[in-house]
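Peer 1:
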Amino acid sequence: MNDFNGKTILITGGTGSFGKKFVEYLLAKSEPKKIIIYSRDELKQFEMQQQFNAPSMRYFIGDVRDNERLKIAMKDVDYVVHAAALKQVPAAEYNPNECIKTNINGAQNVIDAAMANDVSTVIALSTDKAANPVNLYGATKLASDKLFVAANNISGASGPRFSVVRYGNVVGSRGSVVPFFRKLLAEGCDELPVTHPEMTRFWITLDEGVEFVVKNFARMQGGEIFVPKIPSIRITDLVTAMSGKSDYELVGIRPGEKLHEVMVPEEMAHHTVEFDDHYVIAPAITFFDKNIDYRSNRLGEKGNPVTDKFEYHSGTNPHFLTIDELKALDKDTL
1 MNDFNGKTIL ITGGTGSFGK KFVEYLLAKS EPKKIIIYSR DELKQFEMQQ
51 QFNAPSMRYF IGDVRDNERL KIAMKDVDYV VHAAALKQVP AAEYNPNECI
101 KTNINGAQNV IDAAMANDVS TVIALSTDKA ANPVNLYGAT KLASDKLFVA
151 ANNISGASGP RFSVVRYGNV VGSRGSVVPF FRKLLAEGCD ELPVTHPEMT
201 RFWITLDEGV EFVVKNFARM QGGEIFVPKI PSIRITDLVT AMSGKSDYEL
251 VGIRPGEKLH EVMVPEEMAH HTVEFDDHYV IAPAITFFDK NIDYRSNRLG
301 EKGNPVTDKF EYHSGTNPHF LTIDELKALD KDTL
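Position one of the sequence shown corresponds to residue 1 (the UniProt record's numbering), numbered consecutively onward.
Pasting the structure below:
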């Protein structure tokens with residue numbers, strides 16, 4: 001897909017796991033005019049520059065909390081991926097206002113800057129924790145999702161298009177369970193910690209996440225929440241796959257943690273359309289200057305409404321990875 005040829009792409013939180021993999025994809029598959037990494041950590045930017053130093057690369061120090069800096073950074077930008085967020089569930093519980101400043105106020109700043117610069121298209125990365133949230137992180141991401149969806153009504157017929165991509169745990173991303181387990185095993189840990197033996201999670205690789213986002217730039221009409229069809233895992237199966245044994249240490253559920261995750265709540269079933277490899281949650285609000293049929297997309301793919309009681313739930317997902325399938329994942333990941 002070469003839609004990025006000659007275009008300028010800005011990635012907020014671009015030094016994170018997603019940003020690095022997305023840049024890798026862009027440089028390998030297209031010839032963008034510029035790729036702007038917008039983030040607040042100068043050390044991470046310095047380290048990323050050692051890996052990605054193509055002539056098209058630009059590194060901007062800035063925080064999504066800073067509206068004016070975002071407006072400067074988005075000058076002449078065509079596409080934005082909003083990946084910046086405070087994501088650690090317990091940290092958000094203990095520092096709620098900081099999470100709100102970044103995840104909600106920062107989302108609005110991204111929207112304002114995109115409108116001020118007449119950016120073409122914005123995709124915001126969300127999380128399964130935004131559906132039926134029980135923790136502050138999930139609640140802030142739900143609020144962020146609502147802001148990005150409603151922005152399509154504010155931007156008008158010719159303004160930027162905004163959509164959301166929602167997916168589950170990214171295998172091997174910074175701060176996730178896989179590198180944590182790997183570190184413990186390298187240190188000689190006898191039993192990996194498990195918060196609850198019945199816990200399940202949606203599971204997606206970084207490559208799959210990037211490819212899904214790229215595809216949705218071509219699909220999106222504005223206002224959709226895109227949800228990929230991905231497998232679930234049982235946390236105890238992950239322990240067995242990584243450690244080679246079924247023993248674990250039960251440590252109890254962390255503040256704000258769920259047993260299972262939901263990506264499409266039952267309450268949103270009447271807004272949800274099923275496609276071959278993904279779901280689309282259509283906006284609950286009506287856009288006054290747009291008449292969009294979300295049962296099809298700009299690629300010509302067709303979908304069908306789900307049943308009234310439909311729910312996309314990690315515990316009832318028909319596709320679970322087996323222990324052997326977990327073992328067979330790329331060794332760089334596990």
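The beta carbon of each residue, even a glycine, is placed where N, CA and C say it ideally should be.
Look at the alpha carbon of MET1 and the alpha carbon of PRO90, and state the distance between them as a whole number of angstroms.
Peer 2: The pLDDT assigned to MET1 is 48, lower than 50, so where the model puts this residue is not dependable; a value taken from the coordinates is nonetheless given after this. The straight-line gap from Cα to Cα measures roughly 39 Å.
Peer 1: For THR272, collect the residues of the same chain with a Cβ closer than 6 Å to its Cβ; drop the 5 residues on either side in sequence, then sort them by chain order.
Peer 2: Closer than 6 Å at the Cβ level, and outside the excluded window around THR272, lie VAL264, TYR279, ILE281 and VAL306.
Peer 1: With a CB to CB cut of under 7 Å and the five nearest residues on each side skipped, what residues in its chain are close to ALA114?
Peer 2: Taken in chain order, the residues that qualify are MET74, VAL80, VAL122 and PRO160.
Peer 1: Return the first residue and the last residue of the alpha helix (DSSP H) that THR240 is part of.
Peer 2: THR240 -> alpha helix (DSSP H) spans 235–243.
Peer 1: Taking Cβ positions, are LEU26 and ILE35 nearer each other than 8 Å?
Peer 2: Yes, they are a contact pair.
Peer 1: Would you check if the stretch 199–214 and the stretch 165–173 touch, i.e. whether three or more CB-CB distances between them fall below 8 Å?
Peer 2: These segments touch.
Peer 1: Kindly indicate which three-state DSSP category LYS141 falls into: helix, strand or coil?
Peer 2: Looking at LYS141 - three-state DSSP - the assignment turns out to be helix.
Peer 1: Go through the stretch 90–129 residue by residue and report every complete run of the alpha helix (DSSP H) that reaches 4 residues or more, in order.
Peer 2: Segments of the alpha helix (DSSP H) lying fully in the stretch 90–129: 96–100 and 106–116.
Peer 1: Is DSSP giving MET1 helix, strand or coil here?
Peer 2: Because the pLDDT at MET1 is just 48, under 50, the model does not fix this residue reliably, and the value given afterwards should be weighed accordingly. Coil.
Peer 1: Under three-state DSSP, which class holds VAL17?
Peer 2: According to the sequence as given, residue 17 is Ser; it is not Val. Looking at SER17 - three-state DSSP - the assignment turns out to be helix.
Peer 1: From the DSSP output, which residues share a beta bridge with ASN169?
Peer 2: TRP203.
Peer 1: Mind checking VAL134: buried by the 16 CB within 10 Å criterion, or exposed?
Peer 2: Exposed, by the Cβ-count rule.
Peer 1: Please classify LEU10: does DSSP put it in a helix, a strand, or coil?
Peer 2: DSSP places LEU10 in strand when its eight states are reduced to three.
Peer 1: Note down, in chain order, each residue of its chain lying with its Cβ closer than 6 Å to the Cβ of GLY106, except the 5 sequence neighbours on either side.
Peer 2: Counting only Cβ-Cβ distances below 6 Å, and skipping sequence neighbours, we find VAL64 and ARG65.
Peer 1: Name the DSSP bridge partner or partners of PHE162?
Peer 2: VAL122.
Peer 1: Give me, in chain order, the residues of the same chain whose beta-carbon lies closer than 6 Å to that of GLU325; leave out the 5 immediate sequence neighbours on both sides.
Peer 2: So the list is empty, once near-sequence residues are dropped.
Peer 1: Let me confirm a value: HIS313 is counted as buried when at least 16 other C-beta atoms fall within 10 Å, else exposed. Which label applies?
Peer 2: Buried, by the Cβ-count rule.
Peer 1: Enumerate in chain order the residues of its own chain whose CB-to-CB distance from ALA143 is below 8 Å, with the five nearest sequence positions on each side excluded.
Peer 2: ASN103, ILE104 and ALA107, listed in sequence order.
Peer 1: Just verifying my parser: in three-state terms, what is the DSSP assignment at MET263?
Peer 2: It is a strand residue.
Peer 1: For LYS7, which residues of its own chain have a beta-carbon under 7 Å away from its beta-carbon, when the five flanking residues on both sides are left out?
Peer 2: Here the set comprises PRO32, LYS33, ASP78 and TYR79.
Peer 1: Who are the near neighbours of MET220 in its chain, counting only those whose CB is closer than 8 Å to its CB and skipping five residues on each side?
Peer 2: Same-chain partners within the cutoff: THR121, ILE123, ARG161, SER163, PHE226, ASN297 and ARG298.
Peer 1: Tell me whether PRO197 is buried or exposed, calling it buried when 16 or more other Cβ atoms sit within 10 Å of its Cβ.
Peer 2: So PRO197 counts as exposed.
Peer 1: Less than 8 Å between C-beta atoms, sequence neighbours within five positions excluded: which residues of the same chain meet that for GLU249?
Peer 2: Once the five neighbours on either side are set aside, the close Cβ partners of GLU249 are GLU191, LEU192, PRO193 and VAL194.
Peer 1: Would you please state the rounded distance, in angstroms, between the beta carbons of MET48 and LYS20? I believe it to be under 8 Å.
Peer 2: MET48 to LYS20, Cβ: 7 Å. Contact.
Peer 1: Less than 8 Å between the C-beta atoms of ILE111 and PHE148, yes or no?
Peer 2: Taking 8 Å as the Cβ cut-off, ILE111 and PHE148 qualify as a contacting pair.
Peer 1: Under three-state DSSP, which class holds LEU27?
Peer 2: Of the three classes helix, strand and coil, the one that applies to LEU27 here is helix, per DSSP.
Peer 1: Rounding to the nearest angstrom, what Cα-Cα distance links PRO228 and ARG58 in this structure?
Peer 2: C-alpha separation (whole angstroms): 30 Å.
Peer 1: Are the CB atoms of ALA269 and ASP3 within a distance shorter than 8 Å?
Peer 2: Not in contact: ASP3 and ALA269 (Cβ atoms no closer than 8 Å).
Peer 1: Give the straight-line distance between the Cα atoms of PHE60 and ARG40, rounded to the nearest whole angstrom.
Peer 2: In a straight line, the C-alpha of PHE60 is about 8 Å away from that of ARG40.
Peer 1: Our contact map puts HIS18 next to VAL210 with C-beta atoms below 8 Å; I'd like the distance itself, whole angstroms only.
Peer 2: The sequence as given places Phe at residue 18; His does not occur at that position. That pair is a contact at about 7 Å.
Peer 1: Considering Cα atoms alone, identify which of GLU208, ARG254 and VAL239 is closest to ASP247.
Peer 2: Checked all of GLU208, ARG254 and VAL239; the closest Cα to ASP247 is VAL239.
Peer 1: Can you look up ARG182 in the DSSP assignment and give me helix, strand or coil?
Peer 2: ARG182 falls in the helix class under three-state DSSP.
Peer 1: Classify ARG254 as buried or exposed, calling it buried when 16 or more other Cβ atoms lie within 10 Å of its own Cβ.
Peer 2: ARG254 is exposed by the Cβ-count criterion.
Peer 1: Could you spell out where the beta strand (DSSP E) holding PHE60 opens and where it closes?
Peer 2: First-last of the beta strand (DSSP E) with PHE60: 57–61.
Peer 1: Could you tell me whether the Cβ atoms of LEU136 and GLY303 are closer together than 8 Å?
Peer 2: Contact: no.
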